[in-house]
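*Asks:* This is the structure I want to talk about, given as structure tokens.
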């Protein structure tokens, strides 16, 4: 791409050389840029306005974490109260329980949900029948296209007292479990449904990467006497490594936001001990009890941790693996 | 002569491959059998909840409650379908979903296309700032509370705008579209500009007609997301006449309403809930299932486009 930009002026037809010269005369002048590209800037106006109002204004709105907020008043609050709300949540045991639950669910998600798509893609890649491969893919992507409300409905029904999971439990162990209300079962329920939801679609980027692996590498490995497993270990995995790392960084970035909408739909007061995460806790504090400033302080804490996580993951992988998002 | 030798060599090569194949074949065959079984199991486990929901939707409450409904309906019953299909709230909410999906997708497409086309121009001054502004929002956002406060303060509560505007631009989609525009041959646009077309003219008469595939992909991306979304509506809509069908379903799951409540006396509400929920789920999923074959194909190519970016 860069080459095309450097086409020598004499081969560029028409008015181009003139423009190019002008650009060289006053490099970086906004006046010139606007004169030349004002139509492009008009195209940008609405999208930028959107970003400003719906993305950056709320970021600024986080100041209410440090200010007194009056519903119906200014969105930036009324007067400074310093770290009042920060100290409030630091001393709030419910917050720390939610914090702990968030970390545990986040780690479990990384451990169980992150590797599954890789394994799934590798297994799909071993299939010789393209038709069967396509069939499995088509079915496995399906949960990704379902609304989280529908997913939640399915989870609650399958794990209900007379749902399928309990039917199996009863025939195997002779007992039933109240999965949807017992705090001890929330995590298995959440993680297993998360694997169900994400495994198929998560494989898609790996499958895309796998199609680009150089066939001659396998041939060379075979000549060197590598068996199928060694080929996978020494050729396939290194080839998709950048994809794995990129997705790992992105996953770490969403670590703190663990399935907020899904948890909100499937949890209930009986299992808060394990199900309540930071985002659901701040939802209840903020929108159900109308403690906006308090909830904003918690939300800011969450976003800052999320941003820190992704920045560090990116920096580490840049140094260690040489792959990074930016 | 040459041909003959080539054939001979090929023959030997084929034999060699064959031999090798046979040598590894036992371990390989076991693996393949295991792989096949495993993947079939994945297929079954993925489809099972859907089949279970369909079976429940056609079953009578007694059998569901006794935990006897798995893959096939027990005590075949279509009464609940009739009940839901006769519920005017259901149809009203379904209509809302269609309306929100169409409006939101249209807004998203206009904003995303305009944005992507402009930032795809490599010599646009300020380009990297605009890209940065968009990408930063992928990793850091204002959070629930400030968003809620802002949207409420703009008087958007209980209006369609609270549903269709706040998530109008998906940065992920934006980046896919941008890389598509970037990969268009520059000569096309140069030729058009020599023919006297302005940047608007180039966009509308040259670039967009050549971008039908990516446009279709984007429309499907946005439409599916909007069809499935519920949280904006849940936060900002209080008037039941404005609810999308996802909220209808959500309220049913949360036990707020047993819609089509004609069905239930207090004690059998719990029983029929599973049946009614299943019917509603099936009716909500049907449109997605109808477009799914197309969506799946386009989604895949969209993701491929996005992933070749680097």
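Protein chains in written order, with our numbering: chain L, 449 to 774; chain S, 66 to 375. Quick reminder that beta carbons are idealized off the backbone N, C-alpha and C, glycines included.
1) Hey, could you find the ends of the alpha helix (DSSP H) residue 741 of chain L is sitting in?
2) What residues in the segment 190–202 of chain S have a beta carbon less than 7 Å from any beta carbon of chain L?
3) What are the boundary residues of the alpha helix (DSSP H) that includes residue 648 of chain L?
4) Can you tell me whether residue 774 of chain L is helix, strand or coil according to DSSP?
5) Which class does residue 295 of chain S belong to by DSSP, given the choice of helix, strand or coil?
6) Is residue 310 of chain S closer than 9 Å to residue 162 of chain S when the C-beta atoms are compared?
7) Which stretch, first to last residue, makes up the alpha helix (DSSP H) that contains residue 528 of chain L?
8) Suppose you measure from the CA of residue 577 of chain L to the CA of residue 118 of chain S; what does that come to, to the nearest Å?
9) Following the continuous alpha helix (DSSP H) through residue 485 of chain L, name the residue where it begins and the one where it ends.
10) How about residue 545 of chain L: is its C-beta nearer than 9 Å to some C-beta of chain S?
11) Mind listing the chain S neighbours of residue 591 of chain L? Cutoff is C-beta to C-beta under 8 Å, in chain order.
12) What in chain L is Cβ-close to residue 389 of chain S, meaning under 8 Å?
13) According to a CB-to-CB cut-off of less than 8 Å, which residues of the segment 626–652 of chain L neighbour chain S?
14) Just to check my reading of the structure: residue 730 of chain L and residue 746 of chain L have Cβ atoms closer than 8 Å, yes? What is that Cβ distance to the nearest angstrom?
15) Tell me the DSSP secondary structure of residue 222 of chain S in three-state form.
16) Comparing C-alpha positions only, which one of S:93, S:220, S:190 sits nearest to residue 484 of chain L?
17) Run the CB neighbour count on residue 774 of chain L, radius 10 Å, all protein chains shown included, and call it buried at 16 or more, exposed below.
18) If we count the other Cβ atoms within 10 Å of its Cβ and call it buried at 16 or more, is residue 544 of chain L buried or exposed?
19) Is it buried or exposed, residue 355 of chain S, if we count other Cβ atoms within 10 angstroms and call 16 or more buried?
20) When DSSP labels each residue in this structure, what does residue 660 of chain L get in the three-state scheme?
21) Looking at the unbroken alpha helix (DSSP H) that takes in residue 315 of chain S, where does it start and where does it end?
22) Out of L:694, L:596, L:612, L:560, point me to the one whose CA is closest to residue 639 of chain L's CA.
23) Which stretch, first to last residue, makes up the alpha helix (DSSP H) that contains residue 547 of chain L?
24) Taking Cβ positions only, does residue 767 of chain L come closer than 9 Å to chain S?
25) Checking 9 Å against the spacing of the C-beta atoms, do residue 295 of chain S and residue 596 of chain L come in under that value?
26) When the Cα atoms are used, what is the spatial distance from residue 502 of chain L to residue 212 of chain S?
27) With burial defined as no fewer than 16 other Cβ atoms inside 10 Å of the residue's Cβ, what is the status of residue 171 of chain S: buried or exposed?
28) Which whole-angstrom value is the C-beta distance of residue 284 of chain S and residue 360 of chain S, which I expect to be below 8 Å?
29) Assign residue 676 of chain L to one of three DSSP states: helix, strand, or coil.
30) Is any beta-carbon of chain L found at less than 9 Å from that of residue 231 of chain S?
31) Count the other C-beta atoms from every protein chain shown that fall within 10 angstroms of the C-beta of residue 648 of chain L, then say buried if there are 16 or more, exposed otherwise.
32) Nearest to residue 264 of chain S by CA position, among S:93, S:186, S:206, S:341, is which residue?
33) Using the DSSP secondary-structure output, state which residues sit across from residue 515 of chain L in a beta bridge.
34) So with CB distances below 7 Å, who are the chain S contacts of residue 755 of chain L?
35) May I ask you to report which of helix, strand or coil DSSP gives residue 262 of chain S?
36) Would you call the segment 562–570 of chain L in contact with the segment 646–666 of chain L, where contact means no fewer than 3 C-beta pairs closer than 8 Å?
*Replies:* Taking the structure as given:
1) Where residue 741 of chain L is concerned, the enclosing alpha helix (DSSP H) stretches over 740–768.
2) For the segment 190–202 of chain S, the set of positions with a beta-carbon nearer than 7 Å to some beta-carbon of chain L reads 190, 195, 198, 199, 202 in chain order.
3) Boundaries of the alpha helix (DSSP H) harbouring residue 648 of chain L: 631–650, taken from the DSSP string.
4) Looking at residue 774 of chain L - three-state DSSP - the assignment turns out to be coil, as it is neither helix nor strand.
5) Residue state, collapsed to three classes: coil.
6) In this structure, residue 162 of chain S lies near residue 310 of chain S, with their beta-carbon atoms less than 9 Å apart.
7) Careful: residue 528 of chain L lies outside any alpha helix (DSSP H) and carries neither H nor E.
8) Residue 577 of chain L and residue 118 of chain S: Cα-Cα distance of roughly 31 Å.
9) For residue 485 of chain L, the enclosing alpha helix (DSSP H) covers residues 478–499.
10) For residue 545 of chain L, the nearest beta carbon of chain S is not closer than 9 Å to its own beta carbon.
11) The answer, in chain order, is 111.
12) Outside the displayed span of chain S (66 to 375) sits residue 389 of chain S, for which this structure offers no information.
13) Along the segment 626–652 of chain L, the positions whose C-beta sits under 8 Å from a C-beta of chain S are 644, 647, 648, 652, read in chain order.
14) Rounded, the Cβ-Cβ distance is 4 Å, consistent with contact.
15) The answer is coil: DSSP assigns residue 222 of chain S none of H, G, I, E or B.
16) From the listed residues S:93, S:220, S:190, the smallest Cα separation to residue 484 of chain L is found for S:190.
17) Exposed, since its Cβ has fewer than 16 Cβ neighbours within 10 Å.
18) Answer is exposed; the Cβ neighbour count stays below 16.
19) Exposed, since its Cβ has fewer than 16 Cβ neighbours within 10 Å.
20) In the structure shown, residue 660 of chain L sits in coil (DSSP, three-state: anything other than H, G, I, E or B).
21) Secondary structure note for residue 315 of chain S: its alpha helix (DSSP H) is the uninterrupted segment 310–318.
22) Out of L:694, L:596, L:612, L:560, L:560 has the C-alpha closest to the C-alpha of residue 639 of chain L.
23) Note, residue 547 of chain L: alpha helix (DSSP H), 541–556.
24) Interface residue (Cβ-Cβ distance to chain S less than 9 Å): residue 767 of chain L is not classified as such.
25) Taking 9 Å as the cut-off, the Cβ atoms of residue 295 of chain S and residue 596 of chain L count as close.
26) Distance from the CA of residue 502 of chain L to the CA of residue 212 of chain S, rounded to the nearest whole angstrom, comes to 7 Å.
27) Answer is exposed; the Cβ neighbour count stays below 16.
28) That belief does not hold up - the Cβ atoms of residue 284 of chain S and residue 360 of chain S are roughly 10 Å apart, past 8 Å.
29) Collapsing the DSSP output to three states places residue 676 of chain L in a helix.
30) Chain L places a beta carbon closer than 9 Å to that of residue 231 of chain S, counting this residue as a contact.
31) Within 10 angstroms of the beta-carbon of residue 648 of chain L lie 16 or more other beta-carbons, which makes it buried.
32) Closest in C-alpha terms to residue 264 of chain S, from the list S:93, S:186, S:206, S:341, comes S:186.
33) DSSP output for residue 515 of chain L lists L:528 as bridge partner(s).
34) Contact annotation for residue 755 of chain L against chain S: 204, 205 [CB-CB distance below 7 Å, chain order].
35) The answer is coil: DSSP assigns residue 262 of chain S none of H, G, I, E or B.
36) Yes, the segment 562–570 of chain L touches the segment 646–666 of chain L.
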